[in-house]
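In this text, residue positions in the sequence shown follow our numbering: the first is 61, and each later residue adds one. Backbone N, C-alpha and C define an ideal beta-carbon position, used for all residues, glycine too.
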Amino acid sequence: REKLTTLLAVHKYEGDFQNAIEIVKAIHEVGGKGHSVGIYSYSDENIHRLALEAKVGRIMVRQPQSKSNAGSFTNGMPMTSSLGCGTWGGNATSENIHLRHYMNVTWVSRAIPEDRPSDEELFGEFYEPEREGKA
Numbered sequence: 061r062e063k064l065t066t067l068l069a070v071h072k073y074e075g076d077f078q079n080a081i082e083i084v085k086a087i088h089e090v091g092g093k094g095h096s097v098g099i100y101s102y103s104d105e106n107i108h109r110l111a112l113e114a115k116v117g118r119i120m121v122r123q124p125q126s127k128s129n130a131g132s133f134t135n136g137m138p139m140t141s142s143l144g145c146g147t148w149g150g151n152a153t154s155e156n157i158h159l160r161h162y163m164n165v166t167w168v169s170r171a172i173p174e175d176r177p178s179d180e181e182l183f184g185e186f187y188e189p190e191r192e193g194k195a
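This is the structure:
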């Protein structure tokens with residue numbers, strides 16, 4: 061659960077880094093899905109693995125978690141007092157909520173000539189016409 065206090069939670073893992081990822085997943089199953097996770101590591105491989113598997117909107121690398129999640133001049137995150145947790149946490153966005161989220165925008169749309177890419181252009185290297193019966 062989120063702690064709005066002076067307490068600090070540190071979870072130690074042993075063995076393979078996947079054990080740490082499993083701890084993060086277990087914690088987020090109880091509460092906090094979509095919010096954030098912090099990692100103090102210089103291993104780009106471990107940071108990348110965590111980013112692929114953690115269901116969070118922000119991963120703070122070697123930064124103070126509570127201060128950095130809300131954005132700062134030293135990490136490029138939009139400054140906020142409200143953190144979106146995405147669909148993982150039942151929110152519409154996983155971004156830091158800022159002024160743009162509170163602005164109402166009206167799109168005015170008129171028909172234009174169709175500019176539809178081919179399936180091959182759209183899917184690039186993932187395009188497999190034989191799977192669609194087009195080969």
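So residue i is in the alpha helix (DSSP H); what residue range does that whole segment cover?
i, result
"S128", "125–129"
"F26", "The requested residue 26 is not part of the displayed model; the chain covers only 61 to 195."
"K85", "77–90"
"A111", "104–113"
"L41", "Beyond the ends of the chain as shown, which are 61 and 195, falls residue 41; an answer cannot be given."
"L159", "159–162"
Leaving out the 5 sequence neighbours to the left and right, which residues in its chain are closer than 6 Å to residue i when beta-carbon positions are compared?
i, result
"S96", "V116, R118, N129"
"R122", "Y100"
"E180", "Y187"
"Y102", "none"
"G98", "M120, Q125"
"F77", "N106"
Locate the beta strand (DSSP E) running through residue i, then write down its first and last residues.
i, result
"R118", "116–121"
"I99", "94–99"
Buried or exposed for residue i, going by 16 or more other Cβ atoms inside 10 Å?
i, result
"G150", "exposed"
"G144", "buried"
"L197", "It is not possible to answer for residue 197, since the shown part of the chain is limited to 61 through 195."
"K127", "exposed"
"V168", "exposed"
"A171", "exposed"
"V84", "buried"
"R72", "In the sequence on display, residue 72 carries Lys and not Arg. Answer is exposed; the Cβ neighbour count stays below 16."
"G94", "buried"
Apart from the five residues on each side of it in sequence, which residues of its chain come closer than 7 Å, Cβ to Cβ, to residue i?
i, result
"N135", "Q123, S128"
(message) Assess contact between the region 100–111 and the region 145–164, defined as three or more Cβ pairs (one per stretch) separated by less than 8 Å. Is contact present?
(response) Not touching, per the Cβ criterion.
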